[in-house]
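Protein chains: 2
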Amino acid sequence: MSKFAWVTLTTNDTYSLGALVLAHSLKRAKTAHQLAVLVTPNVSQAMRDRLKEVYNVVQEVNVLDSQDAANLALLSRPELGVTFTKLHCWRLVQFEKCVFLDADTLVLQNCDELFEREELSAAPDVSWPDCFNSGVFVFKPSVDTFAQITEFAVKNGSFDGGDQGLLNQFFADWSTADIKKHLPFVYNVTAYASYCYLPAFKQFRDKIKILHFAGKLKPWLIQFNSETKVASVSSEYAHAQDLIQLWWNIFCENVIQSLSTEMAGLAGALSQLRIGQQRTPEQEAYENQMRRQCWESGQIDYSGADSFENIWKKISQTLERKTEKESEETVVYF
Amino acid sequence: MSKFAWVTLTTNDTYSLGALVLAHSLKRAKTAHQLAVLVTPNVSQAMRDRLKEVYNVVQEVNVLDSQDAANLALLSRPELGVTFTKLHCWRLVQFEKCVFLDADTLVLQNCDELFEREELSAAPDVSWPDCFNSGVFVFKPSVDTFAQITEFAVKNGSFDGGDQGLLNQFFADWSTADIKKHLPFVYNVTAYASYCYLPAFKQFRDKIKILHFAGKLKPWLIQFNSETKVASVSSEYAHAQDLIQLWWNIFCENVIQSLSTEMAGLAGALSQLRIGQQRTPEQEAYENQMRRQCWESGQIDYSGADSFENIWKKISQTLERKTEKESEETVVYF
Numbered sequence: 000m001s002k003f004a005w006v007t008l009t010t011n012d013t014y015s016l017g018a019l020v021l022a023h024s025l026k027r028a029k030t031a032h033q034l035a036v037l038v039t040p041n042v043s044q045a046m047r048d049r050l051k052e053v054y055n056v057v058q059e060v061n062v063l064d065s066q067d068a069a070n071l072a073l074l075s076r077p078e079l080g081v082t083f084t085k086l087h088c089w090r091l092v093q094f095e096k097c098v099f100l101d102a103d104t105l106v107l108q109n110c111d112e113l114f115e116r117e118e119l120s121a122a123p124d125v126s127w128p129d130c131f132n133s134g135v136f137v138f139k140p141s142v143d144t145f146a147q148i149t150e151f152a153v154k155n156g157s158f159d160g161g162d163q164g165l166l167n168q169f170f171a172d173w174s175t176a177d178i179k180k181h182l183p184f185v186y187n188v189t190a191y192a193s194y195c196y197l198p199a200f201k202q203f204r205d206k207i208k209i210l211h212f213a214g215k216l217k218p219w220l221i222q223f224n225s226e227t228k229v230a231s232v233s234s235e236y237a238h239a240q241d242l243i244q245l246w247w248n249i250f251c252e253n254v255i256q257s258l259s260t261e262m263a264g265l266a267g268a269l270s271q272l273r274i275g276q277q278r279t280p281e282q283e284a285y286e287n288q289m290r291r292q293c294w295e296s297g298q299i300d301y302s303g304a305d306s307f308e309n310i311w312k313k314i315s316q317t318l319e320r321k322t323e324k325e326s327e328e329t330v331v332y333f
Numbered sequence: 000m001s002k003f004a005w006v007t008l009t010t011n012d013t014y015s016l017g018a019l020v021l022a023h024s025l026k027r028a029k030t031a032h033q034l035a036v037l038v039t040p041n042v043s044q045a046m047r048d049r050l051k052e053v054y055n056v057v058q059e060v061n062v063l064d065s066q067d068a069a070n071l072a073l074l075s076r077p078e079l080g081v082t083f084t085k086l087h088c089w090r091l092v093q094f095e096k097c098v099f100l101d102a103d104t105l106v107l108q109n110c111d112e113l114f115e116r117e118e119l120s121a122a123p124d125v126s127w128p129d130c131f132n133s134g135v136f137v138f139k140p141s142v143d144t145f146a147q148i149t150e151f152a153v154k155n156g157s158f159d160g161g162d163q164g165l166l167n168q169f170f171a172d173w174s175t176a177d178i179k180k181h182l183p184f185v186y187n188v189t190a191y192a193s194y195c196y197l198p199a200f201k202q203f204r205d206k207i208k209i210l211h212f213a214g215k216l217k218p219w220l221i222q223f224n225s226e227t228k229v230a231s232v233s234s235e236y237a238h239a240q241d242l243i244q245l246w247w248n249i250f251c252e253n254v255i256q257s258l259s260t261e262m263a264g265l266a267g268a269l270s271q272l273r274i275g276q277q278r279t280p281e282q283e284a285y286e287n288q289m290r291r292q293c294w295e296s297g298q299i300d301y302s303g304a305d306s307f308e309n310i311w312k313k314i315s316q317t318l319e320r321k322t323e324k325e326s327e328e329t330v331v332y333f
């Protein structure tokens with residue numbers, strides 16, 4: 000079995016949709032290596048069970064549970080705890096080398112050659128290209144490195160308050176030391192920013208290996224028509240429509256079947272979509288409402304869980320009422 | 000005298016405002032090296048005279064005039080002629096090494112260490128960081144290189160239709176070959192894009208050496224209050240206000256005095272500003288109109304020349320009429 004692994008992280012059921020699609024994109028690209036996902040406590044058991052079907056390792060990360068020195072140090076600055084969850088990837092010492100991929104990335108072509116690179120290899124961040132983007136990076140698991148980074152974090156904080164700032168401060172010579180540690184941009188193409196230089200995007204489009212839906216607008220938050228299977232984006236993001244559609248294609252072919260109403264957030268809600276089937280008025284109203292909720296929740300965090308459950312309750316009640324009344328046409332407006 | 004030179008290019012009187020401010024920014028940063036500017040035929044004689052006061056070399060570039068093989072080759076594809084004017088910098092063989100700076104850049108700190116770098120050194124483009132941005136680059140003048148690039152251009156064109164695409168195709172190994180040829184981003188910071196990753200901008204703000212006002216909104220097109228000497232930008236660009244103000248500070252202190260109505264475009268128009276003086280209603284109306292024109296012309300090219308002349312004609316007529324009528328308060332609305 001490979002000593003190399005792709006590693007991602009998910010912090011709730013909605014974000015796990017990304018992790019599921021990402022895993023399938025890696026399998027479609029015929030990776031020879033293992034898949035590992037870090038999950039925080041609030042990822043539901045139902046979702047963990049589905050993640051286990053595609054990930055070799057589903058590892059819970061709970062800052063409060065682990066008692067080693069590095070973690071205790073982190074606990075002295077609790078505000079860093081959540082943001083730095085990603086750092087726990089360095090503790091996957093059962094693997095010799097890993098590539099971290101954010102759950103909002105999508106692998107378009109086999110990238111197994113990334114494991115030939117050394118720690119820390121990453122692609123430039125489009126906003127400040129002397130920093131690397133921490134959505135895709137090659138690293139070598141090591142408890143020592145984990146301890147060093149957390150110690151560094153406690154001492155220095157992070158200039159952006161997140162893992163990207165911290166990792167750039169820790170691996171400070173990335174921008175000047177070794178060109179081999181500069182991953183080509185095609186390994187971490189920011190889906191929404193790419194249009195800024197459309198000729199380059201067109202020139203290198205076929206070479207893109209990993210797409211990164213960085214920013215607030217995650218693919219799972221995009222309006223999606225379950226009947227036509229087409230994702231439709233606002234004109235502002237029109238250039239990225241075909242990229243977003245790639246995500247939804249994998250979602251429809253490989254992921255939706257494994258979702259259930261036991262899952263929280265958008266995962267539970269999307270489990271109710273009837274892909275490729277003519278939509279009932281209820282279904283249509285449901286999808287429209289879901290989309291509105293998505294856009295709203297996309298602005299904040301994933302607090303939409305409850306409201307989706309409420310929506311689903313309403314839907315269920317309506318459908319039950321409909322079954323009782325049989326032939327009556329009931330259109331639901333929320 | 001130094002064998003090294005900073006080189007820029009200007010294609011009309013309006014754009015020459017940038018070249019003048021750039022030259023003064025280099026002098027303020029106490030560069031030890033020479034300054035050279037390439038001018039195309041439509042830069043007025045009045046403007047060339049002013050450029051000569053701050054540039055050691057003012058070199059006309061006229062594709063139609065030069066008869067060497069490389070140029071004749073370029074002539075076979077006239078559509079490339081204008082875009083590739085910048086390539087003529089390689090013909091400045093009186094210098095051993097040069098740094099090209101677009102006229103919409105501004106030097107904030109001494110950067111003479113750039114001449115220690117080899118051809119072709121440049122900073123990553125924020126939109127596609129495997130490409131370098133051709134607004135700032137280190138090169139070695141050579142008629143051979145000039146011939147090779149133009150030959151390459153005729154054969155391959157440019158993927159973006161401009162010099163940046165061409166130069167990236169020609170110096171194709173920039174992204175993978177030598178980290179020393181990756182200039183740190185602080186040598187070419189895109190003023191308007193920097194806010195995308197504000198924490199990084201704040202972290203590295205004091206290290207910025209060269210600002211680049213890439214895009215349509217050039218500093219000289221920004222609303223500027225001649226009385227308060229403050230440039231005011233729309234909320235969309237608010238984060239860049241202090242950067243734009245730096246440009247206008249140099250404009251007020253070093254440039255405006257040298258402008259005259261013999262100049263075309265915005266240069267002629269701005270020569271009429273009375274810096275730091277209370278504005279008459281005419282002056283205010285004039286500046287407001289100028290700003291509107293600027294915004295409009297900012298969307299297209301520099302075709303605003305005529306209209307500025309017309310505005311100025313109107314202003315002059317109004318002022319003359321005012322002088323005749325003496326104490327009458329005349330507010331001009333265009």
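Protein chains in written order, with numbering that gives the first Met the number 0: chain W, 0 to 333; chain Z, 0 to 333. Using N, Cα and C, we set each Cβ at its ideal position, and we do this for glycine too. Computed from a prediction, not measured in an experiment: that's the story for all the values here.
What residues in its chain sit with their C-beta under 6 Å from that of residue i, if we drop five residues either side in the sequence?
| i | result |
| --- | --- |
| residue 19 of chain W | 254 |
| residue 250 of chain W | 20 |
| residue 103 of chain Z | 17, 212 and 217 |
| residue 261 of chain Z | 45 |
| residue 167 of chain Z | 130 |
| residue 190 of chain W | 210, 212, 239 and 242 |
| residue 231 of chain W | 222 |
| residue 8 of chain W | 37 and 85 |
| residue 188 of chain Z | 207 and 210 |
| residue 165 of chain Z | 152 and 157 |
| residue 95 of chain W | 2 |
Determine the direct distance from the alpha carbon of residue j to that of residue i, and round the result to whole angstroms.
| i | j | result |
| --- | --- | --- |
| residue 264 of chain W | residue 15 of chain Z | 57 Å |
| residue 97 of chain Z | residue 111 of chain Z | 11 Å |
| residue 287 of chain W | residue 228 of chain W | 14 Å |
| residue 48 of chain W | residue 88 of chain W | 20 Å |
| residue 23 of chain W | residue 242 of chain W | 16 Å |
| residue 124 of chain W | residue 279 of chain Z | 48 Å |
| residue 150 of chain Z | residue 198 of chain Z | 44 Å |
| residue 226 of chain W | residue 259 of chain W | 19 Å |
| residue 144 of chain Z | residue 181 of chain W | 28 Å |
| residue 272 of chain Z | residue 282 of chain Z | 8 Å |
| residue 176 of chain W | residue 90 of chain Z | 33 Å |
| residue 10 of chain Z | residue 215 of chain Z | 15 Å |
| residue 267 of chain W | residue 43 of chain W | 11 Å |
| residue 115 of chain Z | residue 107 of chain Z | 19 Å |
| residue 146 of chain Z | residue 237 of chain W | 41 Å |
Would you please state the rounded distance, in angstroms, between the beta carbons of residue i and residue j? I believe it to be under 8 Å.
| i | j | result |
| --- | --- | --- |
| residue 246 of chain W | residue 13 of chain W | Going by Cβ atoms, the distance from residue 246 of chain W to residue 13 of chain W rounds to 14 Å, so no, they are not a contact pair. |
| residue 133 of chain Z | residue 195 of chain W | So it is not a contact: roughly 15 Å between Cβ atoms. |
Near residue i, which residues of its chain fall below 7 Å by C-beta distance, leaving aside the five closest residues on each side in sequence?
| i | result |
| --- | --- |
| residue 34 of chain W | 4, 5, 22, 25, 53, 54 and 55 |
| residue 31 of chain W | 1 and 111 |
| residue 202 of chain W | none |
| residue 109 of chain W | 28, 29 and 30 |
| residue 118 of chain W | 137, 138 and 139 |
Identify whether residue i lies in helix, strand or coil by the three-state DSSP scheme.
| i | result |
| --- | --- |
| residue 41 of chain W | coil |
| residue 229 of chain W | strand |
| residue 287 of chain W | helix |
| residue 5 of chain Z | strand |
| residue 95 of chain Z | coil |
| residue 220 of chain Z | helix |
| residue 308 of chain Z | Residue placement at residue 308 of chain Z cannot be trusted, given a pLDDT of 49 that sits under 50; the coordinates are not used to answer. |
| residue 60 of chain Z | coil |
| residue 210 of chain W | strand |
| residue 108 of chain Z | coil |
| residue 18 of chain Z | helix |
| residue 32 of chain Z | coil |
| residue 175 of chain W | coil |
| residue 13 of chain Z | helix |
| residue 182 of chain W | coil |
| residue 303 of chain W | Annotation note: pLDDT 37 at residue 303 of chain W (below 50); position unreliable, coordinate value reported separately. If DSSP states are grouped into helix, strand and coil, residue 303 of chain W belongs with coil. |
With respect to 6 Å, is the separation between the Cβ of residue i and the closest non-hydrogen atom of the ligand ZN below this value?
| i | result |
| --- | --- |
| residue 15 of chain Z | This structure lacks the ligand ZN; in fact it carries no ligand of any kind. |
Enumerated in chain order, which unbroken segments of the alpha helix (DSSP H) with a length of 4 residues or greater are wholly contained in the stretch 110-167 of chain Z? 142-155
Whole beta strand (DSSP E) elements within the stretch 226-284 of chain W, 3-residue minimum: 229-231
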